Amino acid sequence: MEETRKSLLDDSFTSAMTLTNSGVPQVPDRYVLPPSQRPALGSSLGTSETTLPVIDLSLLHQPLLRSRVIHEISMACKEFGFFQVINHGIPSSVVKDALDAATQFFDLPVEEKMLLVSANVHEPVRYGTSLNHSTDRVHYWRDFIKHYSHPLSKWINMWPSNPPCYKDKVGKYAEATYVLHKQLIEAISESLGLEKNYLQEEIEEGSQVMAVNCYPACPEPEIALGMPPHSDFSSLTILLQSSQGLQIMDCNKNWVCVPYIEGALIVQLGDQVEVMSNGIYKSVIHRVTVNKDVKRLSFASLHSLPLHKKISPAPKLVNANNTPAYGEFSFNDFLDYISSNDFIQQRFIDTIKKSSS
Ligand code: OGA
Ligand code: NI
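Quick note: the sequence shown uses the UniProt record's numbering, first residue 1, plus one each step.
Structure (structure tokens):
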């Protein structure tokens, strides 16, 4: 591990923050996307005016209204694999503190952040840029720190010690998102006609990866992206964004901009729920655009079954007419896949789909 970290220091690691701070007038060539993959900002071509669902989660706790909310969740999951939630119970001060800590982290001197750099996707705490700067063919205008977060006491000592408030502030947000995700998984299980506690045991031991992303102002946002189209391996991802930038793909393969709603959080279905639901719900394909003037921060909290626990289609959703459409997989299988494959060329979930013939 130390070896990898040292050798990266001698490598040509340049963060997006360093480029922005040095005032480059153009993005370096490695960030330039082939024309077909550029985001077509400002043009309505290939983008959609669709209104995306926003769900008031406080109603889940009202016995008379719960089934109505479950129905809304089921509609949103079927149509988009995506929705935003309001009144989700995480105090705005917890959200603000986490964003403050992240801002301070990315503003640290390069040498400090490099203490945590790694190209090894199995590392539980990892600072980096792009997706994996040592293997990416095209680079993405994004810096990140990712860390395992559940159970918090197991991992928090490995988190950044600078800024000094980081562990406390991001820790509080991580715990709050963990509680929220449990409620969401229960509601999603119910919406599929499964027991509310279908995944309860797995979730108690479940994994949570907090990806804290920083997309600095980019001189050429029309020809670069912050993240390429992908779906998350998670069961679900809870995303907090400081400003607009996320786009999701709708069922017509059009990109839809996700509006910034003050106080809301974004819920995205990941590959584990697609498999568990036997394809009734699909993981949402999403990407991140960048911006000429504004630095954008996001927290993507990826919740999943424990590292080595395999997920497979729920027996109740499989029958003679609906045979299992997917093989099983674990978070660790996903990590092994992305360490030796270009997951932009082929999505991981496509590798475990069973052919219908
Ligand atoms: C991710 C992700 C979106 C964003 O970290 O997997 O999709 O807006 N992030 O940062
Ligand atoms: Ni994602």
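For every residue, glycine included, the Cβ atom is placed at its ideal position computed from N, Cα and C. For clarity, every value in this text was computed on a predicted model and none was experimentally measured.
According to DSSP, which residues form a beta bridge with W141?
-> For the purposes of this step, residue 141 is identified with residue 141 of the sequence shown, where counting begins at 1. BP columns for W141 are empty, so no partner.
Grouping DSSP H, G and I as helix and E and B as strand, with all else coil, what is R5?
-> Within the sequence shown, numbered from 1, the residue matching residue 5 stands at position 5. The pLDDT assigned to R5 is 45, lower than 50, so where the model puts this residue is not dependable; a value taken from the coordinates is nonetheless given after this. If DSSP states are grouped into helix, strand and coil, R5 belongs with the helices.
Can the beta-carbon of S191 be found closer than 7 angstroms to that of S15?
-> The residue labelled residue 191 in the question sits at position 191 within the sequence shown. The residue labelled residue 15 in the question sits at position 15 within the sequence shown. No, the pair does not count as a contact, with Cβ atoms beyond the cut-off.
Give the DSSP-derived three-state secondary structure of S207 in the structure shown.
-> Here residue 207 refers to the residue found at position 207 when the sequence shown is read from its first residue. Three-state DSSP puts S207 in a strand.
Looking only at its own chain, which residues have a Cβ that is under 8 angstroms from the Cβ of V24, when we skip the five neighbours before and after it?
-> What you label residue 24 is simply residue 24 of the sequence shown in a count that begins at 1. Result list for V24: P219, in chain order.
If we ignore side chains and look at the alpha-carbon of each, how far apart do T135 and S36 end up?
-> Indexing the sequence shown from 1 puts residue 135 at position 135. Indexing the sequence shown from 1 puts residue 36 at position 36. Whole-angstrom Cα-Cα distance: 21 angstroms.
Taking 7 angstroms as the cut-off, decide whether the C-beta atoms of K316 and A211 are in contact.
-> Sequence index remark: in the sequence shown, residue 316 carries index 316 (1-based). Sequence index remark: in the sequence shown, residue 211 carries index 211 (1-based). Their beta carbons are not under 7 angstroms apart, which means K316 does not touch A211 by this criterion.
Using three-state DSSP, classify H230 as helix, strand or coil.
-> Within the sequence shown, the letter at position 230 stands for residue 230. If DSSP states are grouped into helix, strand and coil, H230 belongs with the strands.
Residue range of the alpha helix (DSSP H) that includes S298 = Counted from its first residue, the sequence shown places residue 298 at position 298. No alpha helix (DSSP H) holds S298; the beta strand (DSSP E) holding it covers 296-304.
Kindly list the residues whose CB is nearer than 8 angstroms to the CB of K182, restricted to its own chain and excluding five residues on each side of it in sequence; keep chain order.
-> Reading the sequence shown from its first residue, position 182 is the one you call residue 182. Only I203 meet the Cβ criterion.
May I ask whether a heavy atom of the ligand OGA can be found less than 6 angstroms away from the beta carbon of D136?
-> For the purposes of this step, residue 136 is taken as the residue at position 136 of the sequence shown. Every heavy atom of the ligand OGA is 6 angstroms or more from the Cβ of D136, so no.
Which residues bound the beta strand (DSSP E) around D168?
-> In the sequence shown, the residue the question calls residue 168 occupies position 168. Counting along the chain, D168 falls outside any beta strand (DSSP E), though it belongs to the alpha helix (DSSP H) covering 166-191.
Output yes or no for whether 7 angstroms exceeds the beta carbon distance between M227 and V288.
-> Locating residue 227 in the sequence shown gives position 227, where the first residue counts as 1. Locating residue 288 in the sequence shown gives position 288, where the first residue counts as 1. Contact: yes.
Any chance you could list the beta strand (DSSP E) runs of at least 3 consecutive residues sitting entirely within the region 50-121, in chain order?
-> 54-56, 82-86
So is N278 buried or exposed if we call it buried at 16+ other beta carbons inside 10 Å?
-> Working through the sequence shown from its first residue, we reach residue 278 at position 278. That one is buried.
Do R296 and H139 have their C-beta atoms within less than 7 angstroms of each other?
-> Taking the sequence shown and counting its residues from 1, the one referred to as residue 296 is at position 296. Taking the sequence shown and counting its residues from 1, the one referred to as residue 139 is at position 139. Against a cut-off of 7 angstroms, the Cβ pair of H139 and R296 comes out as no contact.
State the Cα-Cα distance for the pair residue 361 and I185, rounded to the nearest angstrom.
-> Lying before the first or after the last residue shown, residue 361 is absent from the chain, which here runs from 1 to 357.
Cβ-heavy atom distance between D232 and the ligand NI below 6 angstroms?
-> Position 232 of the sequence shown, counted from the start, is the residue given in the question as residue 232. Indeed, a heavy atom of the ligand NI lies less than 6 angstroms from the Cβ.
So T177 packs on I238, CB below 8 angstroms; how close in whole Å?
-> The residue labelled residue 177 in the question sits at position 177 within the sequence shown. The residue labelled residue 238 in the question sits at position 238 within the sequence shown. That belief holds up - the Cβ atoms of T177 and I238 are roughly 5 angstroms apart, short of 8 angstroms.
Run through DSSP, which three-state label would Y31 get?
-> Within the sequence shown, the letter at position 31 stands for residue 31. In this structure, Y31 counts as helix in the three-state DSSP scheme.
Determine the closest residue to P221 out of Q272, N291, S93, N319, with distance taken between C-alpha atoms.
-> Residue 221 sits at position 221 when you count from the first residue of the sequence shown. Here the closest residue by C-alpha is N291.
Per DSSP, which residues does R287 bridge with? Please list them.
-> As a working note, residue 287 is residue 287 in the sequence shown. According to DSSP, R287 bridges with Q247.
Should F105 be labelled buried (16 or more other beta-carbon atoms within 10 Å of its own) or exposed?
-> As a working note, residue 105 is residue 105 in the sequence shown. Looking at its Cβ environment, which holds 16 or more other Cβ atoms inside 10 Å, F105 is buried.
Determine the contact status of S231 and S153, defining contact as a CB-CB distance below 7 angstroms.
-> Translated into the one-based positions of the sequence shown, residue 231 becomes position 231. Translated into the one-based positions of the sequence shown, residue 153 becomes position 153. Result no, Cβ atoms of S231 and S153 do not sit closer than 7 angstroms.
Any non-hydrogen atom of the ligand OGA within 6 angstroms of N162 CB = For the purposes of this step, residue 162 is taken as the residue at position 162 of the sequence shown. Because no heavy atom of the ligand OGA lies under 6 angstroms away, the Cβ of N162 does not count as near it: no.
For V85, which residues of its own chain have a beta-carbon under 7 angstroms away from its beta-carbon, when the five flanking residues on both sides are left out?
-> Taking the sequence shown and counting its residues from 1, the one referred to as residue 85 is at position 85. Hits under 7 angstroms: I55, L57, A264, L265, V267.
How is I238 classed by DSSP in three states: helix, strand or coil?
-> Looking up residue 238 in the sequence shown gives position 238. If DSSP states are grouped into helix, strand and coil, I238 belongs with the strands.
Report back the beta-carbon spacing between D107 and T129 to the nearest angstrom; my notes put them in contact at under 8 angstroms.
-> What you label residue 107 is simply residue 107 of the sequence shown in a count that begins at 1. What you label residue 129 is simply residue 129 of the sequence shown in a count that begins at 1. Actually they are not in contact, since the Cβ atoms of D107 and T129 sit about 15 angstroms apart, beyond 8 angstroms.
Which value, in whole angstroms, describes the spacing of the CA atoms of T20 and E262?
-> Looking up residue 20 in the sequence shown gives position 20. Looking up residue 262 in the sequence shown gives position 262. Cα to Cα, T20 sits roughly 26 angstroms from E262.
In the DSSP assignment, find the alpha helix (DSSP H) that holds Y281 and state where it starts and stops.
-> Numbered from 1 along the sequence shown, position 281 holds the residue referred to as residue 281. It is not in any alpha helix (DSSP H) - Y281 carries neither H nor E in the DSSP assignment.
With the ligand OGA as the reference, list in chain order each residue whose Cβ lies under 5 angstroms from any of its heavy atoms.
-> A211, N213, L246, V288, S298, A300
Roughly how many angstroms separate the alpha carbons of M114 and L64, rounded to a whole number?
-> Mapped onto the sequence shown, residue 114 falls at position 114. Mapped onto the sequence shown, residue 64 falls at position 64. Whole-angstrom Cα-Cα distance: 52 angstroms.
What are the partner residues of R126, as DSSP defines its beta bridges?
-> Indexing the sequence shown from 1 puts residue 126 at position 126. Note: R126 sits in a beta bridge opposite K146.
Grab the span of the beta strand (DSSP E) containing S349 for me, first residue to last.
-> For the purposes of this step, residue 349 is taken as the residue at position 349 of the sequence shown. The displayed chain sequence assigns Ile, not Ser, to residue 349. Looking at the DSSP string, I349 is not in any beta strand (DSSP E); the run it does join, the alpha helix (DSSP H), is 348-352.
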